[in-house]
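Have a look at the structure below before the remarks.
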Amino acid sequence: MIEFEPKNLLDKEFQIFIGRIGSGKTEISINFAMKLKEEGYKVVLFDMDIVKPYIRIRDVMEELTKYNLEIVSPPEATRAIDLPIFPKFIIGRLMNKDGYKILDVGGDPYGAGSIAQFRDVIKEGLYNLFFIVNTRRPETSNLREIIKAISMIQDASRMKVTHLVFNTNLRWETTKDI
């Protein structure tokens with residue numbers, strides 16, 4: 003698990019992790035949720051990544067059950083489909099003021115746009131939106147591409163990126179030199 007001190011980020015009810023394919027957003031959102039849970043906070047982890055490139059929370063849900071995390075995910079029947087289908091009760095879970103909501107969201111226009119429908123609940127000032135950057139991936143390998151990706155995400159989600167997280171990696175080929 004990644005070691006970090008989350009306290010200075012906990013002024014917001016919603017912690018949204020978004021990034022392009024291969025950025026590591028799902029792993030980071032899971033680690034963030036696990037750390038908060040370990041610290042004794044009430045946490046709900048929302049699987050809102052509707053595009054399946056590498057890994058989504060729903061793909062590792064069975065493994066996550068041993069950590070006693072509450073997970074809101076698409077219905078079982080639609081888990082293999084890349085559609086913006088969310089459980090009917092998601093709006094209620096998002097509106098629940100009990101605990102922190104950690105959202106794992108896809109970072110293309112389709113994925114980012116899927117959370118725009120919840121902007122009446124996830125209002126400005128109530129969220130931290132972390133844009134995860136992997137400079138070893140296409141579409142975020144240089145400053146111009148990163149700025150373009152952030153602009154696209156903000157336009158599609160109708161939310162503002164509040165934090166950048168640089169998570170440069172090559173998955174299993176990552177070395178400390180990278």
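Heads up, the sequence shown is in my numbering, so the first residue is 3 and it goes up one at a time.
In this text, a Cβ means the ideal position worked out from N, Cα and C, and glycines have one as well.
The structure presented is a predicted model; accordingly, all values stated were derived computationally and were not measured.
Can you grab the Cα-Cα spacing for the pair M50 / N136, in whole Å?
Cα-Cα distance, rounded: 20 Å.
Once DSSP output is grouped into helix, strand and coil, what is the label at I52?
Note: I52 maps to coil in three-state DSSP.
Assuming V46 and V74 are in contact, meaning their beta carbons sit under 8 Å apart, how far apart are those beta carbons, in whole angstroms?
Sure, about 6 Å apart at Cβ, within 8 Å.
Give the DSSP-derived three-state secondary structure of L128 in the structure shown.
Coil.
Could you check the C-alpha separation between M3 and G94 for me, to the nearest Å?
Confidence at M3 is low in this model, with a pLDDT of 47, below 50, so the placement of that residue is unreliable and no value is reported for it.
Give a yes or no on contact between the segment 30–46 and the segment 142–149, applying the rule of three or more CB pairs nearer than 8 Å.
These segments do not touch.
Give me the Cα-Cα distance between E41 and L66, rounded to the nearest whole angstrom.
Distance between the alpha carbons of E41 and L66: 17 Å.
Shortest alpha-carbon distance to A151 belongs to which of K14, I20, D13 and L11?
The shortest C-alpha separation from A151 is found at I20.
Taking the alpha helix (DSSP H) that F34 belongs to, which residues open and close that run?
Looking at the DSSP string, the run of the alpha helix (DSSP H) that includes F34 is K27 to E40.
Are Y129 and I18 touching if we call contact CB-CB under 7 Å?
Yes.
Compare the Cα-Cα distances from S116 to each of P76, E147, L12 and K99 and report the closest residue.
Nearest C-alpha to S116: P76.
Helix or strand or just coil, what does DSSP make of L12?
Reduced to three states, the DSSP call for L12 is coil.
Would you report the Cα separation of L96 and R138, rounded to the nearest angstrom?
If you take the alpha carbons of L96 and R138, they lie about 33 Å apart.
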